[in-house]
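**Student:**
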Amino acid sequence: MLALLMLNILAYMTPNPDKTQIIIHLLSVISQNSAGQFFSSGHTNNWAVLVCTSRFWFNYRHVANTLSVYRSVKRLGIPDSHIVLMLADDMACNHRNPKPATVFSHKNMELNVYGDDVEVDYRGYEVTVENFLRVLTGRLPPSTPRSKRLLSDDRSNILIYLTGHGGNGFLKFQDSEEISNVELADAFEQMWQKRRYNELLFIIDTCQGASMYERFYSPNIMALASSQVGEDSLSHQPDLAIGVHLMDRYTFYMLEFLEDIHPASKTNMNDLFKVCPKSQCVSTPGHRTDLFLRDPGSVLITDFFGSVRKVELTMDAINLTDPIKQMEENPVNGEEQKEVYSYADQLPVSEIIHQKPKQKDWHPPDGFILGLWTLILLVFFKTYGIKHLKHIF
Amino acid sequence: MAEPKFRVCLCMFWAVCPKDDFQEELVIRPLHSGDIYASFQFRTLWDTDFMRENKVSHYRLFPKSLGQVISKFSVRELHISFTQGYWRTMQWGQPFIPSPPGAELWVWFQDSVTDVDATWKELTNVLSGIFCASLNFIDSTNTVQPSASFKPLGIGNVTDHSFLRYATLPREIVCTENLTPWKKLLPCGSKAGLAVLLKSEKLFHSSFHSQAVHIRSVCQDWQCKTTSWELRQTVNSVFDLHNSGQAKREWSLFKMFSRTLTEACPLASSSKLYIDITDNPQGEQFELSPATSLLSQAVVLGDRRTFSVYDLTQETTFGSVRSLNLLIRWKSNEGEMLRPLLHAERYVAGYGLQTGEIHTLMYNNHPYRSFPVLLLDSVPWYLRLYIHTLSVTSKGKDNKPSYIHYEPSKDRVKPHLLEMLIQLPPNSVTEVTVQFERALLKWTEYPPDPNHGFYVGSSVISSLVPSTVAMDTNSTRERPLFSSFFPCKEESSYFVRIYTEPLLVNLPTPDFSMPYNVICLTCTVVAVGYGSLYNLLTRSFQIEEPNPGLAKRIANVIRKMRGVPPL
Chain H
1 MLALLMLNIL
11 AYMTPNPDKT
21 QIIIHLLSVI
31 SQNSAGQFFS
41 SGHTNNWAVL
51 VCTSRFWFNY
61 RHVANTLSVY
71 RSVKRLGIPD
81 SHIVLMLADD
91 MACNHRNPKP
101 ATVFSHKNME
111 LNVYGDDVEV
121 DYRGYEVTVE
131 NFLRVLTGRL
141 PPSTPRSKRL
151 LSDDRSNILI
161 YLTGHGGNGF
171 LKFQDSEEIS
181 NVELADAFEQ
191 MWQKRRYNEL
201 LFIIDTCQGA
211 SMYERFYSPN
221 IMALASSQVG
231 EDSLSHQPDL
241 AIGVHLMDRY
251 TFYMLEFLED
261 IHPASKTNMN
271 DLFKVCPKSQ
281 CVSTPGHRTD
291 LFLRDPGSVL
301 ITDFFGSVRK
311 VELTMDAINL
321 TDPIKQMEEN
331 PVNGEEQKEV
341 YSYADQLPVS
351 EIIHQKPKQK
361 DWHPPDGFIL
371 GLWTLILLVF
381 FKTYGIKHLK
391 HIF
Chain W
1 MAEPKFRVCL
11 CMFWAVCPKD
21 DFQEELVIRP
31 LHSGDIYASF
41 QFRTLWDTDF
51 MRENKVSHYR
61 LFPKSLGQVI
71 SKFSVRELHI
81 SFTQGYWRTM
91 QWGQPFIPSP
101 PGAELWVWFQ
111 DSVTDVDATW
121 KELTNVLSGI
131 FCASLNFIDS
141 TNTVQPSASF
151 KPLGIGNVTD
161 HSFLRYATLP
171 REIVCTENLT
181 PWKKLLPCGS
191 KAGLAVLLKS
201 EKLFHSSFHS
211 QAVHIRSVCQ
221 DWQCKTTSWE
231 LRQTVNSVFD
241 LHNSGQAKRE
251 WSLFKMFSRT
261 LTEACPLASS
271 SKLYIDITDN
281 PQGEQFELSP
291 ATSLLSQAVV
301 LGDRRTFSVY
311 DLTQETTFGS
321 VRSLNLLIRW
331 KSNEGEMLRP
341 LLHAERYVAG
351 YGLQTGEIHT
361 LMYNNHPYRS
371 FPVLLLDSVP
381 WYLRLYIHTL
391 SVTSKGKDNK
401 PSYIHYEPSK
411 DRVKPHLLEM
421 LIQLPPNSVT
431 EVTVQFERAL
441 LKWTEYPPDP
451 NHGFYVGSSV
461 ISSLVPSTVA
471 MDTNSTRERP
481 LFSSFFPCKE
491 ESSYFVRIYT
501 EPLLVNLPTP
511 DFSMPYNVIC
521 LTCTVVAVGY
531 GSLYNLLTRS
541 FQIEEPNPGL
551 AKRIANVIRK
561 MRGVPPL
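Here the protein sequences come in this chain order: H and W. So in full-length UniProt numbering, the last one in the first sequence is 393, and the numbering has no gaps at all. So in full-length UniProt numbering, the last one in the second sequence is 567, and the numbering has no gaps at all.
1. At least one CB of chain W closer than 8 angstroms to the CB of residue 394 of chain H: is that the case?
2. Shorter than 8 angstroms from the beta carbon of GLY124 of chain H to some beta carbon of chain W?
3. For chain H, find out if any of its Cβ atoms is closer than 8 angstroms to the Cβ of SER134 of chain W; answer yes or no.
4. One question on the structure: do LEU246 of chain H and MET191 of chain H come within less than 8 angstroms of each other, judged by their Cβ atoms?
5. Kindly say whether CYS219 of chain W, judged by its beta-carbon, lies nearer than 8 angstroms to any beta-carbon of chain H.
6. Using only the alpha-carbon positions, how far apart do TYR534 of chain W and SER540 of chain W sit?
7. I want to see whether chain W comes within less than 8 angstroms of LYS148 of chain H, judged by CB atoms only; does it?
8. Could you please give me the residues that DSSP links to ARG165 of chain W through a beta bridge?
9. For TYR530 of chain W, go through chain H and note every residue whose CB falls closer than 7 angstroms to its CB, in chain order.
10. Just how far apart, CA to CA, sit GLU490 of chain W and GLU407 of chain W?
11. Can you have a look at GLN211 of chain W and say buried or exposed, based on whether 16 or more other CB atoms are within 10 angstroms of its CB?
12. Hey, out of W:ASP279, W:ASN142, W:LEU295, whose CA is closest to LYS272 of chain W's CA?
13. What's the gap between the Cα of GLU199 of chain H and the Cα of ALA88 of chain H?
14. How would you write the range of the beta strand (DSSP E) that CYS523 of chain W sits in, first residue to last?
15. Mind pulling the chain W residues with CB within less than 7 angstroms of ARG55 of chain H?
16. Specify the secondary structure class of GLU126 of chain H as computed by DSSP and reduced to three states.
17. DSSP on LEU377 of chain H, reduced to helix/strand/coil?
18. How is HIS95 of chain H classed by DSSP in three states: helix, strand or coil?
19. For ASN556 of chain W, does the three-state DSSP call read helix, strand or coil?
20. In terms of residues, what are the limits of the beta strand (DSSP E) holding TRP251 of chain W?
21. If you scan the segment 260–336 of chain H from start to end, which runs of the beta strand (DSSP E) of 3 or more residues do you find wholly inside it?
22. Please specify which runs of the alpha helix (DSSP H), each continuous and at least 4 residues long, are wholly inside the segment 181–256 of chain W, giving them in chain order.
23. Which of the three DSSP states is assigned to ASN157 of chain H in this structure?
24. Which value, in whole angstroms, describes the spacing of the CA atoms of PHE485 of chain W and ILE97 of chain W?
25. For ILE301 of chain H versus ILE261 of chain H, is the C-beta distance shorter than 8 angstroms?
26. Among residues of its own chain, excluding the 5 on either side of LEU267 of chain W, which ones have a beta-carbon nearer than 7 angstroms to its beta-carbon?
27. For the beta strand (DSSP E) containing ILE203 of chain H, name the first residue and the last one.
28. Applying the criterion that 16 or more other CB atoms from any shown protein chain within 10 Å of the CB defines a buried residue, is ALA35 of chain H buried or exposed?
29. Between TYR499 of chain W and PRO100 of chain W, how many whole angstroms is the CB-CB distance? I'm expecting something under 8 angstroms.
30. Between which two residues does the alpha helix (DSSP H) containing VAL27 of chain W stretch?
31. Are the beta-carbon atoms belonging to VAL311 of chain H and PRO263 of chain H less than 8 angstroms from one another?
32. Applying a beta-carbon distance threshold of less than 8 angstroms, which residues of chain H neighbour PRO487 of chain W?
33. Here's the rule: buried if 16 or more other CB atoms are within 10 angstroms of the residue's CB, otherwise exposed. What is MET471 of chain W?
34. DSSP state of TYR406 of chain W, grouped into three classes?
35. Beta-carbon of GLY138 of chain H versus every beta-carbon of chain W: anything under 8 angstroms?
36. Within its chain, find whatever has a CB closer than 8 angstroms to the CB of ASP398 of chain W; leave out the 5 residues flanking it on each side and keep chain order.
Written out as structure tokens, the structure reads:
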């Protein structure tokens, strides 16, 4: 806008022949800027790590929270292979669920956030502090499958969403352990030093959630929480048929906000900060942007929640190579001598009865046995003297 | 049909054409209690060799993820099942494909594998990623190597049991996240054919639900000189009459699955729907609509059953509305259910948190024939079995097993393995009892909800049960899928495998708040005790003037200025 104003002023001020040149020059500068803005976020892929840390049926709302964020993130384009979903307990197929294979977020069962196409990567007892930190830092055992890994690089924007029960400076995992804000900050610093993220958006919906982002010290992290230190995050509404509270207030209003976002929308982070004011949420949501380099007003929601791919147009032509030829197999007819196969006998009674016990592998003697024999030998030689050695051997 | 022409065209371009074939079928069997049993089977046959030097690169009907698993881990046979619920043999009869509650995985490796345990561990991790299940909890503490059970179901001349591993996770939950990747393994996915009926909201709202994947090598033809790989994906479920909220006894595809069939999978060479009408020969018990003239008889589970067949590859099956919604309406309620010849129960007896007793009961309901039964028990290490108290009794008398294999457990390393071959006398109950003692675990070994209890996996009972009709031993004749799962070697008996209930055992649980209590108490005692002692020893008393009033203070200040001693 400023550039256009300057353009108008200059147009009036300069003499005619130079005017067109200046206009063209300024127009090209403007178009380069908007193209630059289009590519300014600097990320090429999106990941999401969504964690629900609570177990037991009455914590249904935490699973519903996580699944509603999962649903929004999938709807806006992040594929399952780029989402690590961790649910500490199973609510959908829980025996107390009157409608199996469903998790509802609105009362009167309006919206089933579980859906028909869900892939949970870590479930049940696997959701532990250790596994969560290993996923973030990438220090997983070599046999871990790809769907359980966060394979991000230095151009990835990662969305991390945590929900559960928390307190001042900690988040409770499964009623038996907790993760502190210092541990979390250190994990993010490890991620930064290993160049595992370009920008990170951290959202937490627990009681006293703001305490969890107080200790962050790595660059490019933006954090949102549902309540300040000393405040509790409250749940939204119970459903009388299911018998538990269905969602937490902050995530409920955030889900309503996200339902209006589509992959091409230009809504920015400032709108997300305004979600769930004190009148709706009862607690005061907080956010932290001092570690983030860009201005939150220029950060699109889809930079984190969606997977908007950048398209580069090229005019070069590429020659395709010849199609791969299938390997010529040796004709099988040449070999006539083939053993005849047969199915194994499922319960060969006589064979089983006369089965020889399998030879156990010989293991070297245990430490205890060795120690015992050494003691006996020592006592013997002490008592009778070493000169008797030649009589024995 | 377009499909065979397509295959022929492919064969023209390449020298060798790996032949693959896909069949799907659904068997619906009404049960006597009013419930209905639906069994889906999807079979892909592929004539290829995964163990070849050059890796197989072109996958058509066979899913690539499973093909890569087979070649990477040198798997000869793989059977994995996820089940929710317990199969009630007395009310429902025998299932076509048995499975225990929770997750069960048993694998036969090729004899080229050198380190079976390491390969097993990697395989369980990879499968946990493919099926979104916590199969990575399978480790040496719940894996056993059966010595006589679980013979390979496919081609096998060598049966060295050191290449077999069996593990079960009775606590594993089955939900939509396990069904989603399972459906993605099918050639048509869940978009066409019988798999459109597999909607999780209805499928999990059932008394019993089981999905399984079975991979093995089978004979290609009657000569059996070449083998092909067979992948069977099965879903068994039993829908409850009262649970689904209906007053009268009437079932339809829409009521069971909330979908109807509109077309067969275009990649399938055969797509059939079978309804068991053996108890309804003249149509006096229930009525089937739309009516069909195709009938088929098959010998399955030792009995000759008659089925009405709907061929979904024919356009006429779908009628003018282009959809098939099968309706079964009951007219009368009589009929005796055939009692299954073999069934088993298991429970824990005893009281308190110190000791207990495991009782396994096996019922032989045949009036005059006795048959052998192989019982496999895998008990976790924290239940210390006292094998000297093992007793097997039938009809009150001691029944000595003809084969016992026992591997004792090692704390935190491996579980107990007990295998016994017992001959069950006719018309009797055989009871196997063994006493155990509960161990106290270290406090970090308890799960987050220890008061729920600890699960002991189901016992597996494999048996050759005498059959009432002659079984078909010709394995390569064209047979419906449900009758060709277990290979049949002799005509007078059929192989059956049944699973008992898993046990839920309470272990003595410590009070987990004790470390916190101890720290608080100790710190308080130290602070109060040591603090007061230190004060007593090191505190010295000094005399201090009381604070003077305001007037005196001002006077003192003036005096100081004048150089006069203060008051």
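Think of the CB as a built atom: it goes at the ideal place given N, C-alpha and C, for glycine as much as any other residue.
**Tutor:** The relevant details are as follows:
1. In the structure as shown, chain H starts at 1 and stops at 393, and residue 394 of chain H therefore has no counterpart that could be examined.
2. Taking a beta-carbon distance threshold of 8 angstroms, GLY124 of chain H counts as an interface residue toward chain W.
3. At a cut-off of 8 angstroms, the C-beta of SER134 of chain W has a neighbouring C-beta in chain H.
4. No, the pair does not count as a contact, with Cβ atoms beyond the cut-off.
5. Cβ-Cβ to chain H under 8 angstroms: yes for CYS219 of chain W.
6. So the two alpha carbons sit approximately 12 angstroms from each other.
7. Closer than 8 angstroms: yes.
8. Its beta-bridge partners are W:VAL107.
9. Chain H residues near TYR530 of chain W: none, gap ~29 angstroms exceeds 7 angstroms.
10. One C-alpha to the other measures close to 32 angstroms.
11. Classification of GLN211 of chain W: buried, given that the 10 Å Cβ count is 16 or more.
12. When each option's Cα is compared against that of LYS272 of chain W, the closest is W:LEU295.
13. Using only the alpha carbons, I get a separation of about 27 angstroms.
14. Counting along the chain, CYS523 of chain W sits inside no beta strand (DSSP E); it lies in the alpha helix (DSSP H) bounded by residues 514–525.
15. By Cβ distance, chain W contributes PRO448, ASP449.
16. Taken through DSSP and simplified to helix, strand or coil, GLU126 of chain H comes out as helix.
17. Correct three-state label for LEU377 of chain H: helix.
18. Coil at HIS95 of chain H, not helix or strand.
19. Taken through DSSP and simplified to helix, strand or coil, ASN556 of chain W comes out as helix.
20. Residues 250–252.
21. Complete beta strand (DSSP E) runs here, min 3: 286–288.
22. Listed in chain order, the complete alpha helix (DSSP H) runs (minimum 4 residues) inside the segment 181–256 of chain W are 200–203.
23. Assignment of ASN157 of chain H by DSSP, reduced to helix, strand and coil, places it in the strand class.
24. Rounded to whole angstroms, PHE485 of chain W to ILE97 of chain W spans 8 angstroms at the Cα level.
25. ILE261 of chain H sits close to ILE301 of chain H, with the two beta carbons spaced by under 8 angstroms.
26. The residues are GLU3, PHE22, LEU61, PRO187, CYS188.
27. It spans 199–205 - the beta strand (DSSP E) in which ILE203 of chain H sits, taken as one unbroken run.
28. Low local confidence applies: a pLDDT of 49 at ALA35 of chain H is under 50, so the model's placement there is unreliable, and no value is given.
29. Right, the Cβ-Cβ distance comes to about 4 angstroms (below 8 angstroms), so this counts as a contact.
30. Not the alpha helix (DSSP H): VAL27 of chain W falls in the beta strand (DSSP E), residues 20–30.
31. Taking 8 angstroms as the cut-off, the beta carbon of VAL311 of chain H is found no closer than this to the beta carbon of PRO263 of chain H.
32. Residues of chain H whose Cβ lies closer than 8 angstroms to the Cβ of PRO487 of chain W are, in chain order, TYR343, ALA344, GLN346.
33. Its Cβ being crowded by 16 or more others within 10 Å, MET471 of chain W is buried.
34. TYR406 of chain W: strand per DSSP, three-state reduction.
35. Not flagged as an interface residue toward chain W: GLY138 of chain H, since no C-beta distance is shorter than 8 angstroms.
36. Here the set comprises SER391, VAL392.
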